[in-house]
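**Q**
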Amino acid sequence: MGKIRVEGLKKSYGSNEVLKGIDMQVQEGEVVCVIGPSGSGKSTFLRCINRLEDITAGRVIVDERDINDPKTDINKVRENIGMVFQHFNLFPHFNVLKNIMFAPVELGKQSKEEARATALRLLERVGLSDKAEAFPSQLSGGQKQRVAIARALAMNPDIMLFDEPTSALDPEMVGEVLGVMKDLAREGMTMMIVTHEMGFAREVSDRVIFMDGGYIVEEGPPAEVFGNPKNERTISFLEKVL
Amino acid sequence: MRLIRGVVLALVLLLAATTGVPVLAQSQADQPGSGKTYLIGTDVTFAPFEFQDPSGEFVGIDMDLMKAIAKDQNFKYEIRPLGFNAAVQALESGQVDGVIAGMSITEERKQKFDFSDPYFDSGVVMAVRKDQEGIQSYEDLRGKKVAVKTGTEGYSFAESIASKYGFTIVPFDDSAQMYDDVKTGNSVACFDDYPVLAYGVKQNNGLKLVTEKEPGASYGFAVQKGQNQELMEKFNAGLANLKANGEYNRILETYVGENAAGPANQSRLGLIAESMPILLAGLGKTLLLTFVSLFFAFFIGLIFGFMKVGRNKWLRGIATVFVDIFRGIPLLVLAFFIYFGIPQALGFTMSPLVAAILTLSLNAGAYVTEIIRGGIQSIDPGQLEAARSLGLPYRKAMMKIIIPQAVKIMIPTLINQLVITLKDTSILSVIGLVELTQSGKIVIARTFASFDIWLTIAIMYLIVITILTKIANRLERRVRVG
Numbered sequence: 001m002g003k004i005r006v007e008g009l010k011k012s013y014g015s016n017e018v019l020k021g022i023d024m025q026v027q028e029g030e031v032v033c034v035i036g037p038s039g040s041g042k043s044t045f046l047r048c049i050n051r052l053e054d055i056t057a058g059r060v061i062v063d064e065r066d067i068n069d070p071k072t073d074i075n076k077v078r079e080n081i082g083m084v085f086q087h088f089n090l091f092p093h094f095n096v097l098k099n100i101m102f103a104p105v106e107l108g109k110q111s112k113e114e115a116r117a118t119a120l121r122l123l124e125r126v127g128l129s130d131k132a133e134a135f136p137s138q139l140s141g142g143q144k145q146r147v148a149i150a151r152a153l154a155m156n157p158d159i160m161l162f163d164e165p166t167s168a169l170d171p172e173m174v175g176e177v178l179g180v181m182k183d184l185a186r187e188g189m190t191m192m193i194v195t196h197e198m199g200f201a202r203e204v205s206d207r208v209i210f211m212d213g214g215y216i217v218e219e220g221p222p223a224e225v226f227g228n229p230k231n232e233r234t235i236s237f238l239e240k241v242l
Numbered sequence: 001m002r003l004i005r006g007v008v009l010a011l012v013l014l015l016a017a018t019t020g021v022p023v024l025a026q027s028q029a030d031q032p033g034s035g036k037t038y039l040i041g042t043d044v045t046f047a048p049f050e051f052q053d054p055s056g057e058f059v060g061i062d063m064d065l066m067k068a069i070a071k072d073q074n075f076k077y078e079i080r081p082l083g084f085n086a087a088v089q090a091l092e093s094g095q096v097d098g099v100i101a102g103m104s105i106t107e108e109r110k111q112k113f114d115f116s117d118p119y120f121d122s123g124v125v126m127a128v129r130k131d132q133e134g135i136q137s138y139e140d141l142r143g144k145k146v147a148v149k150t151g152t153e154g155y156s157f158a159e160s161i162a163s164k165y166g167f168t169i170v171p172f173d174d175s176a177q178m179y180d181d182v183k184t185g186n187s188v189a190c191f192d193d194y195p196v197l198a199y200g201v202k203q204n205n206g207l208k209l210v211t212e213k214e215p216g217a218s219y220g221f222a223v224q225k226g227q228n229q230e231l232m233e234k235f236n237a238g239l240a241n242l243k244a245n246g247e248y249n250r251i252l253e254t255y256v257g258e259n260a261a262g263p264a265n266q267s268r269l270g271l272i273a274e275s276m277p278i279l280l281a282g283l284g285k286t287l288l289l290t291f292v293s294l295f296f297a298f299f300i301g302l303i304f305g306f307m308k309v310g311r312n313k314w315l316r317g318i319a320t321v322f323v324d325i326f327r328g329i330p331l332l333v334l335a336f337f338i339y340f341g342i343p344q345a346l347g348f349t350m351s352p353l354v355a356a357i358l359t360l361s362l363n364a365g366a367y368v369t370e371i372i373r374g375g376i377q378s379i380d381p382g383q384l385e386a387a388r389s390l391g392l393p394y395r396k397a398m399m400k401i402i403i404p405q406a407v408k409i410m411i412p413t414l415i416n417q418l419v420i421t422l423k424d425t426s427i428l429s430v431i432g433l434v435e436l437t438q439s440g441k442i443v444i445a446r447t448f449a450s451f452d453i454w455l456t457i458a459i460m461y462l463i464v465i466t467i468l469t470k471i472a473n474r475l476e477r478r479v480r481v482g
């Protein structure tokens with residue numbers, strides 16, 4: 001019984017089929033990296049996991065709940081799935097503290113005082129205790145992304161989705177964000193990460209999925225996928241990026 | 001929220017300050033008697049038959065006759081100074097019960113209206129600028145332009161001889177504008193009813209009479225054909241009584257007799273000062289109209305704006321059609337349609353104020369819809385995704401994350417809409433609403449001081465708009481910082 005189960009997932013935009021039938025599972029505590037060339041459908045796939053995209057066919061089951069079933073309260077499911085975006089998407093009209101406290105307070109999960117304490121603890125964890133009162137516009141890219149991770153964690157989710165979390169960062173800031181993610185992985189968080197950071201994927205993931213043309217082409221432990229790829233397309237992709 | 005409360009308070013205070021000035025008494029329904037109060041439409045600028053005296057009271061031959069007849073026959077009435085064309089249309093659409101406005105009894109009008117016994121025998125004369133020596137007769141008009149007032153006997157007469165004498169007709173909606181056109185030299189002459197022109201000349205309107213009176217039709221009081229026959233009977237009976245007891249002659253004497261009052265001797269500043277209460281009352285109406293309409297427009301805009309950015313394609317379609325319709329119809333046409341068209345089709349009456357608020361609210365509502373849609377859509381879709389991914393429901397995400405950001409973007413365009421709507425209120429003068437522009441027309445009808453009064457009004461608009469813009473800019477800065 002996987003934490004996340006995907007069965008026969010298809011997704012089209014009009015006549016353009018982006019995902020052509022995906023079956024996979026993620027176990028509790030597993031860290032899965034999704035790699036592949038741009039346009040392969042990795043980000044779309046990730047966004048189907050918390051229904052930011054409505055799917056065309058198949059099923060996505062998270063914690064035994066079919067998230068596309070109209071009877072499922074998607075907001076409840078999402079409370080349990082944190083998401084981190086390529087472009088951070090911090091709320092510019094709130095300061096850092098309020099960005100993190102906002103959802104737990106607004107959804108009645110925590111009182112203001114509790115949420116504040118949680119937020120300060122999370123900020124310490126991502127190394128930004130001194131930025132609590134800053135506004136997003138005053139932060140660097142790496143700092144913004146660490147705040148975004150803290151914001152997602154504030155809801156205390158079981159699952160974290162990362163959509164190319166370092167792609168919009170200057171190279172010198174990539175490390176600080178990956179560091180926070182490594183800590184999370186060590187603590188046993190269930191994670192799905194769409195990334196172009198091959199070194200990170202090799203080091204952190206329990207399993208690597210290679211996608212191309214709307215299919216999962218190859219998957220396995222990182223040592224196998226990176227060290228001894230079977231599929232031709234995997235080989236040619238890895239040759240280009242490594 | 002504190003900010004919004006502050007704004008509302010400021011607006012209310014502003015309104016109170018401007019509408020607190022003495023409002024003109026247009027209701028003369030102080031006659032005793034039972035039964036319904038008749039609504040009587042009239043012109044606003046047709047001295048000596050109807051015009052406002054310096055205290056804002058409507059006076060003139062028609063007004064005094066109506067008052068005396070109502071007293072004699074013991075009925076209540078209320079005067080609606082709409083302007084001549086608007087009054088006639090209002091009678092046709094049942095918005096008023098009767099019209100007394102120096103209205104000539106013609107065969108054409110008898111098709112639609114029932115007329116009382118004639119109460120005044122008129123005729124058409126020609127007037128030219130006081131210092132004009134070149135125009136003495138109709139022959140001198142060849143190749144020239146002649147100003148006339150639409151719907152009057154002067155118009156019909158000018159039309160009937162236009163081709164014979166080879167002049168062009170320039171139509172105007174009220175007498176004051178027609179006289180101004182002659183004074184400024186755009187037109188060389190104008191045709192109007194004899195008593196009106198004679199009175200104007202006597203009040204120093206800058207013109208002089210150059211022809212003998214062409215015998216013409218008589219004036220009568222009108223009701224819609226077959227309607228309000230009781231009112232008509234009372235009018236005729238009252239008129240006969242007034243003629244018998246000498247009251248009728250006394251009223252005529254007051255305005256067109258040898259001893260009628262000449263122009264008041266006044267400095268230009270004195271005249272402006274004297275007109276101020278009327279103009280300020282008009283300004284109050286303008287502001288009331290602006291803010292009430294914008295208030296509704298904002299709600300309309302919120303509803304349709306949200307429909308436009310929403311996920312339901314039917315609601316999106318409805319909102320799009322709404323915007324297309326009310327952005328596509330000129331304000332003037334919309335005002336006529338709402339005030340004259342709809343009541344006529346559905347058989348009910350609507351006050352000019354309600355019609356004006358409806359017109360402006362729908363028009364501005366269409367624009368505000370687009371402002372709100374644009375504001376919301378200018379926010380990065382990633383913001384909504386981030387909020388939703390945290391488990392926030394759509395409504396909450398919109399209210400707390402998207403709208404606060406969109407509002408900041410919308411403020412400058414909303415201020416712009418406020419200024420546009422305030423200026424657009426002047427268009428509503430066409431349905432007889434006595435706002436600032438219409439107040440100006442009324443004052444000029446009595447004083448003929450076009451330059452001074454229009455300048456005063458322009459400055460008044462300018463001051464109010466500047467003040468509002470400054471307040472709004474201040475607000476905008478506070479929102480941006482906050």
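Chains as they are written, first to last, in UniProt numbering: chain A, 1 to 242; chain B, 1 to 482. Quick reminder that beta carbons are idealized off the backbone N, C-alpha and C, glycines included.
So which of D131/B, S267/B, K423/B and T290/B has the shortest CA-CA distance to residue 483/B?
**A** Chain B is shown only over 1 to 482; residue 483/B falls outside these bounds and no answer can be derived.
**Q** Answer yes or no: the CB of V309/B versus the heavy atoms of the ligand SAM, is any distance below 7 Å?
**A** With respect to the ligand SAM, the structure offers nothing, as it holds no ligand at all.
**Q** Quick one: grab the DSSP three-state call for R474/B.
**A** Working through the second sequence from its first residue, we reach residue 474/B at position 474. R474/B: helix per DSSP, three-state reduction.
**Q** Could you work out which residues of chain B lie near R146/A, taking near to mean beta carbons separated by less than 7 Å?
**A** The residue you call residue 146/A lines up with position 146 of the first sequence. Near R146/A there are no residues of chain B at all, since even the closest Cβ is about 15 Å away, more than 7 Å.
**Q** Could you run through the stretch 77-102 of chain B and flag, in chain order, every residue whose CB is less than 8 Å away from some CB of chain A?
**A** Under the 8 Å Cβ criterion, the stretch 77-102 of chain B contributes no residue.
**Q** Does DSSP put Y119/B in a helix, a strand or coil?
**A** For this step, residue 119/B is matched to residue 119 along the second sequence. In the structure shown, Y119/B sits in coil (DSSP, three-state: anything other than H, G, I, E or B).
**Q** Please report the straight-line C-alpha distance between F237/A and M155/A, rounded to a whole angstrom.
**A** Walking along the first sequence from the start, residue 237/A turns up at place 237. Walking along the first sequence from the start, residue 155/A turns up at place 155. Computed Cα separation, rounded: 37 Å.
**Q** Which residues share a DSSP beta bridge with Y13/A?
**A** Position 13 of the first sequence, counting from 1, holds the residue named residue 13/A. Answer by DSSP bridge pairing, in chain order: N16/A.
**Q** For S218/B, which of L462/B, V88/B and I105/B has the nearest alpha-carbon?
**A** Here residue 218/B refers to the residue found at position 218 of the second sequence. The candidate whose alpha carbon is nearest that of S218/B is I105/B.
**Q** In three-state terms, what does DSSP make of G20/B?
**A** Looking up residue 20/B in the second sequence gives position 20. Because the pLDDT of G20/B is 39, which lies under 50, any placement of that residue in the model is unreliable, and the question is left without a value.
**Q** So what does Y38/B bridge to, in DSSP terms?
**A** The sequence position of residue 38/B within the second sequence is 38, counting from 1. Its beta-bridge partners are Y77/B.
**Q** Return yes when the Cβ of T166/A is within less than 8 Å of the Cβ of V180/A, no when it is not.
**A** For the purposes of this step, residue 180/A is identified with residue 180 of the first sequence, where counting begins at 1. For the purposes of this step, residue 166/A is identified with residue 166 of the first sequence, where counting begins at 1. Cβ distance not < 8 Å, so V180/A and T166/A don't count as in contact.
**Q** Using only CA atoms, which one of Y38/B, K76/B, G206/B and F84/B lies nearest to F51/B?
**A** Walking along the second sequence from the start, residue 51/B turns up at place 51. Per the Cα distances, F84/B.
**Q** What first and last residue would you give for the beta strand (DSSP E) that runs through D180/B?
**A** If you number the second sequence from 1, residue 180/B lands on position 180. Note, D180/B: premise wrong, no beta strand (DSSP E); alpha helix (DSSP H) at S175 to K183.
**Q** Could you confirm whether any beta carbon from chain A is found closer than 8 Å to the beta carbon of R311/B?
**A** Residue 311/B sits at position 311 when you count from the first residue of the second sequence. Taking Cβ atoms only, chain A never reaches closer than 8 Å to R311/B, which makes this a no.
**Q** Buried or exposed: which applies to L242/A, given that a residue is buried once 16 or more other Cβ atoms fall within 10 Å of its Cβ?
**A** The residue you call residue 242/A lines up with position 242 of the first sequence. It is exposed - the Cβ of L242/A has fewer than 16 other Cβ atoms within 10 Å.
**Q** From the DSSP output, read off the bridge partner residues of G220/A.
**A** As a first step, residue 220/A must be located in the first sequence, where it is residue number 220. Answer is V208/A.
**Q** Cutting at 7 Å between CB atoms, please list the residues of its own chain near E7/A, excluding the five before and the five after it.
**A** On the first sequence, position 7 is the one that residue 7/A refers to. Cβ neighbours of E7/A beyond the five flanking positions: D23, G58 and R59.
**Q** What's the gap between the Cα of E253/B and the Cα of Y194/B?
**A** Reading the second sequence from its first residue, position 253 is the one you call residue 253/B. Reading the second sequence from its first residue, position 194 is the one you call residue 194/B. Going by the C-alpha atoms only, they are around 15 Å apart.
**Q** Just to confirm, are G98/B and L231/B a CB contact at a threshold of 8 Å?
**A** By one-based count along the second sequence, residue 98/B stands at place 98. By one-based count along the second sequence, residue 231/B stands at place 231. Yes, these two residues count as a Cβ contact at 8 Å.
**Q** What span of residues does the beta strand (DSSP E) with Q224/B cover, start to end?
**A** As a working mapping, residue 224/B is identified with position 224 in the second sequence. Element bounds for Q224/B: A222 to Q224.
**Q** List the residues of chain A whose Cβ lies closer than 7 Å to the Cβ of A386/B, in chain order.
**A** Position 386 of the second sequence, counted from the start, is the residue given in the question as residue 386/B. Under the 7 Å cutoff, chain A gives F85 and N89.
**Q** Roughly how many whole angstroms lie between the Cα atoms of I55/A and K10/A?
**A** Start at 1 with the first residue of the first sequence, and residue 55/A comes out as number 55. Start at 1 with the first residue of the first sequence, and residue 10/A comes out as number 10. Each residue's alpha carbon lies about 6 Å from the other.
**Q** Unbroken beta strand (DSSP E) runs of length 3 or more, entirely within the stretch 39-77 of chain A: which are they?
**A** For the stretch 39-77 of chain A, whole beta strand (DSSP E) runs of length 3 or above, ordered along the chain, are 57-62.
**Q** Would you say L24/B faces chain A, with C-beta separation under 8 Å as the test?
**A** The residue given as residue 24/B occupies position 24 in the second sequence. Residue confidence for L24/B is low, a pLDDT of 33 falling below 50, so the modelled location carries little weight; the figure read from the coordinates is stated next. Chain A, which has no Cβ nearer than 8 Å to the Cβ of L24/B, makes this no.
**Q** Below 7 Å CB to CB, which residues in the same chain sit around L24/B once its five sequence neighbours on both sides are set aside?
**A** Translated into positions along the second sequence, residue 24/B becomes position 24. Model confidence at L24/B stands at a pLDDT of 33, short of 50, so the residue's coordinates are unreliable; what they give is reported in the following sentence. If we look at L24/B and ignore the five residues flanking it on each side, its Cβ neighbours are G56, I278 and A281.
**Q** With 16 as the cutoff for other CB atoms within 10 Å, does L462/B come out buried or exposed?
**A** In the second sequence, residue 462/B corresponds to position 462, counting from 1. Exposed.
**Q** Mind checking whether E214/B and V124/B have CB atoms under 8 Å apart?
**A** Along the second sequence, one-based indexing puts residue 214/B at 214. Along the second sequence, one-based indexing puts residue 124/B at 124. Result yes, Cβ atoms of E214/B and V124/B sit closer than 8 Å.
**Q** Nearest to G102/B by CA position, among S116/B, E92/B, R477/B and W314/B, is which residue?
**A** Sequence index remark: in the second sequence, residue 102/B carries index 102 (1-based). It is S116/B.
**Q** The beta strand (DSSP E) that contains P215/B, what's its start and end?
**A** Translated into positions along the second sequence, residue 215/B becomes position 215. Its beta strand (DSSP E) spans residues E214 to Y219.
**Q** Any contact between the stretch 65-78 of chain A and the stretch 121-133 of chain A? By contact I mean 3 or more CB pairs, one from each, below 8 Å.
**A** Contact fails: fewer than three Cβ-Cβ distances are below 8 Å.
**Q** Given a cut-off of 8 Å, decide if V34/A and I159/A are closer than it, judged by their beta-carbon atoms.
**A** In the first sequence, the residue the question calls residue 159/A occupies position 159. In the first sequence, the residue the question calls residue 34/A occupies position 34. No. Outside cutoff.
**Q** Along the chain, where does the beta strand (DSSP E) containing T168/B start, and where does it finish?
**A** Against the second sequence, residue 168/B aligns to sequence position 168. Taken as a continuous stretch (DSSP letters only), the beta strand (DSSP E) holding T168/B covers T168 to F172.
**Q** Assign T190/A to one of three DSSP states: helix, strand, or coil.
**A** The count along the first sequence starts at 1 and reaches residue 190/A at position 190. It is a strand residue.
**Q** Could you pull out every residue in the same chain whose Cβ sits closer than 6 Å to the Cβ of L14/B, ignoring the five residues on either side in sequence?
**A** Translated into the one-based positions of the second sequence, residue 14/B becomes position 14. Confidence at L14/B is low in this model, with a pLDDT of 47, below 50, so the placement of that residue is unreliable and no value is reported for it.
**Q** Is M83/A helix, strand or coil by DSSP?
**A** For the purposes of this step, residue 83/A is taken as the residue at position 83 of the first sequence. It is a strand residue.
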